Amino acid sequence: MKNVLYVLTIAIVLLLSVRPVSAQRNHVYPGELIIEPATLTAIGFQWKIFGDDNHTAYVELRYRSARERKWHDALPMLRIGNEIVGTENLSYVTPRMFAGSIMNLLPDTEYECRLSMKDADGVRGDAVKEVVIKTRAVPRAATGGRVRHVYPKDWTSYRQEPWYNGLLHAYYGFQRIGDWNMTTDPVQAGDIILVHRGVYAADFNNFSDYHGLTFHGTYFLTRKGTLEEPIVIRAAGDGDVIFDGNGSYNLLNVLAADYNYLEGITLRNTDVAIIAGIRDVMGAKGIVVRNCRFEDVGIGIMAQDGNCSEYYIADNVFLGREEKTQLIKSMPDSSGNHYQRLKSYYAVKVYGPGHVICNNYIAYFHDGIDISTHGTPEYELEKKSVSIDIYNNDIYCVNDNFIEADGGTYNIRILRNRCING
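Below is the structure:
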């Protein structure tokens, strides 16, 4: 009898000491903290977790600059996990984690960031993370690099030394005619090419054309700069600089040209003004397009590859070919399927991390600004479409989407854009 009572007592104690499995799963277990590439004004985080089946955990996010003593509250991080998104042909299940951003920061500034995970059911692990992160600086040219001067064919005034006949001559150091595409003294990281006033329009069906764009009409730029020493192609400041595509498919191709900057130049009369990334082909890093004007183009900037990262597209004007007095919707064909013929697709489309698209004027496209919906998100962080800022853009008269962020993964920050159809 004593043995039976002893066994019953042990069994009761064990039952009372074991909590239900569901209660254990409600605890939150902090996992890996991922810090996304900082932009000029924002810092993004991903904090992976286990548990928290009842979604009661939350994360407080605070920050202060290195010069401050007071902490500031950012928006709490967003709890995601196991949501199924996509289409009938593609589905994506979100990982279990928190994602969030600190926004409206100063460029080129160091910040202390504190992330605090809390849960009434209990946090099992390191509940507080503190990191120091610096925001990106506004892109700028290097000092001390060489300066090259480019002039159009009809230039009759004084020429500054060293001077070159057209962009490719200055870029590669060899005046390209036909298939004589040699490179003798190309630009180096840190160099600046100053393009003087005039219209640069290639007759690309002319074998010996001045610009060296035989048959295809595209400037292929392949030299690489660096973050500290970019290659800058800039209007010289003595009048309008216009690159006319003369009806070409693509005017500038910078797929292989990391950290090339284009500033103050007009690109017009071409289907795709700038190709910087093509899915599963390649993409360039650190491209800057600033204070430029795009006219009569089908696409402004195409950057649809995970290798594209940390672009700065700012203070530009993009004018497409769509109707200027009415919106064009899709129409049914004889089979009832809807279609829409495009004159201009989009002004800007990007993929990859860390892009900043701000202060642009966009009008007369199918879409304004897009994040490419090119399939299942990339596995590697450095190729995901994360930490993208789209702000202070003025978008007018587009037929479909002002801003289409479907292809974004985490921390896509869309702020203070003015979008008008009417």
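The numbering of the sequence shown is the working numbering, which starts it at 5 and goes up by one. A virtual CB, placed ideally from N, CA and C, is assigned to each residue, including glycine. What you are looking at is a predicted structure, and each value in this text was computed from that prediction instead of being measured.
query = Can the beta-carbon of residue 306 be found closer than 8 Å to that of residue 353?
reply = yes
- What are the start and end residues of the alpha helix (DSSP H) that includes residue 173? 171 to 176
So, residue 270 versus residue 140, is the Cβ gap smaller than 8 Å? no
task = Quick one: give me the first and last residue of the beta strand (DSSP E) that residue 274 is part of.
result = From DSSP, the beta strand (DSSP E) with residue 274 extends over 270 to 282.
**Message:** Determine whether the beta carbon atoms of residue 513 and residue 397 lie at a separation below 8 Å.
**Reply:** The shown model of the chain, from 5 to 426, leaves out residue 513, and the question about it has no answer.
Going by the DSSP bridge assignment, what does residue 325 pair with across the sheet? Per DSSP, none; premise fails for residue 325.
Could you compute how far the alpha carbon of residue 359 sits from the alpha carbon of residue 90? 23 Å
Uninterrupted alpha helix (DSSP H) stretches inside the segment 41 to 68 (no shorter than 4 residues): none
query: Can you find a heavy atom of the ligand GTP that lies under 7 Å from the Cβ of residue 248?
result: Of ligands this structure carries none, so the ligand GTP is not represented either.
- Find the nearest neighbour of residue 367 within the set 328, 247, 262, 57, judged by alpha-carbon distance. Ranking 328, 247, 262, 57 by CA distance to the CA of residue 367 puts 328 first.
With the cut-off set at 8 Å, would you say residue 255 and residue 218 are in Cβ contact? no
Quiz prompt | Any beta strand (DSSP E) of 3 or more consecutive residues that is wholly inside the segment 361 to 395 | solution = You should have 365 to 375, 392 to 395.
For this session: Output yes or no for whether 8 Å exceeds the beta carbon distance between residue 343 and residue 370.
Result: No, they are not a contact pair.
In angstroms, rounded to a whole number, what distance separates the CA positions of residue 67 and residue 213? Whole-angstrom Cα-Cα distance: 57 Å.
* Could you name each continuous beta strand (DSSP E) segment of 3 residues or more that falls completely within the segment 94 to 143, going from the start of the chain to the end? => 94 to 97, 101 to 106, 114 to 122, 132 to 138
Which of helix, strand or coil does DSSP assign to residue 417?
strand
Nonlocal neighbours in the same chain, by C-beta distance under 6 Å from residue 194, ignoring five residues either side:
146, 149, 233
Expressed to the nearest angstrom, what Euclidean distance is found between the alpha-carbon atoms of residue 263 and residue 310? 16 Å
query: Expressed to the nearest angstrom, what Euclidean distance is found between the alpha-carbon atoms of residue 25 and residue 55?
result: At residue 25, the pLDDT of 49 sits below 50, so the modelled position is not reliable; the number obtained from the coordinates is stated separately. Using only the alpha carbons, I get a separation of about 11 Å.
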